[in-house]
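Under the working numbering, the first residue of the sequence shown carries the number 5, and numbering increases by one thereafter. Note that CB positions come from ideal geometry on N, CA and C, so glycine has one too. Here the structure is laid out as structure tokens; the discussion comes afterwards.
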Amino acid sequence: MTSAPELTPELFWQHSLQHYAQPGVADACLALQDNYQVNVNLLLFYHWCCTVNQPIPPVLRKALNEAVATTDPAIQSHRIKRRAAKGSSDYEALKQRELELEAAQQAELVAAYQKIKGSESLNRAFNDSDPLICVIEVLGLPHNQAVRTLITTVLQA
């Protein structure tokens, strides 16, 4: 059995920033967030998993979904305030605070991963499944061309 890849909140944050800056990724992430209610941090975590060949078994999905469930309400509430303040003098400060909340959520995702890292169920193989299909399914998205195109943009950038 191979050990699960190492990950820290800072490594994941840097991975996310670098990947999000790739052409088309930010637009695809925001389209998935706004049109399909995808949690972008969770999507970026799944991208990291695909990048390092880390399987995404049910035990990991459950732990990550629980981390999102506890942290997402604050982000969603804050995002509404930030969007309403667009064009105001408070906008940049609100945007910065949202990034802090996003970083905190990422830290919770990493903590969830760390708690189960090394367990037998975390290290099971992908069974040669297509990462595109895997990510679409674990996010509960419809199997349509628009979603496939957006997820492909995120995974392959």
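Using a Cβ-Cβ cutoff of less than 6 Å, which residues in the same chain neighbour residue i once the five nearest sequence positions on both sides are dropped?
i: residue 30; result: 24
i: residue 16; result: 110, 114
i: residue 20; result: 48
Pull up the distance between the alpha-carbon of residue i and that of residue j, whole angstroms please.
i: residue 40; j: residue 145; result: 7 Å
i: residue 140; j: residue 151; result: 8 Å
i: residue 84; j: residue 104; result: 15 Å
i: residue 118; j: residue 11; result: 8 Å
i: residue 160; j: residue 97; result: 32 Å
i: residue 56; j: residue 9; result: 7 Å
i: residue 72; j: residue 26; result: 24 Å
i: residue 77; j: residue 134; result: 31 Å
i: residue 67; j: residue 112; result: 10 Å
i: residue 92; j: residue 63; result: 43 Å
Considering only C-alpha positions, which residue in the set the options is nearest to residue i?
i: residue 142; options: 18, 10, 54; result: 54
i: residue 157; options: 106, 33, 89, 61; result: 33
i: residue 154; options: 8, 22, 75, 38; result: 38
i: residue 18; options: 148, 91, 106, 120; result: 106
i: residue 61; options: 149, 120, 148; result: 120
i: residue 51; options: 137, 147, 149; result: 137
i: residue 79; options: 43, 94, 69; result: 43
i: residue 13; options: 93, 116, 28; result: 116
Within the same chain, show all residues whose beta-carbon is closer than 7 Å to that of residue i, passing over the 5 residues directly before and after it, in chain order.
i: residue 108; result: 75
i: residue 129; result: Its pLDDT being 44, under 50, residue 129 is placed unreliably by the model, and nothing is read from it.
i: residue 147; result: 140
For residue i, which residues of its own chain have a beta-carbon under 8 Å away from its beta-carbon, when the five flanking residues on both sides are left out?
i: residue 99; result: 86
i: residue 102; result: 79, 82, 83, 86
i: residue 70; result: 116
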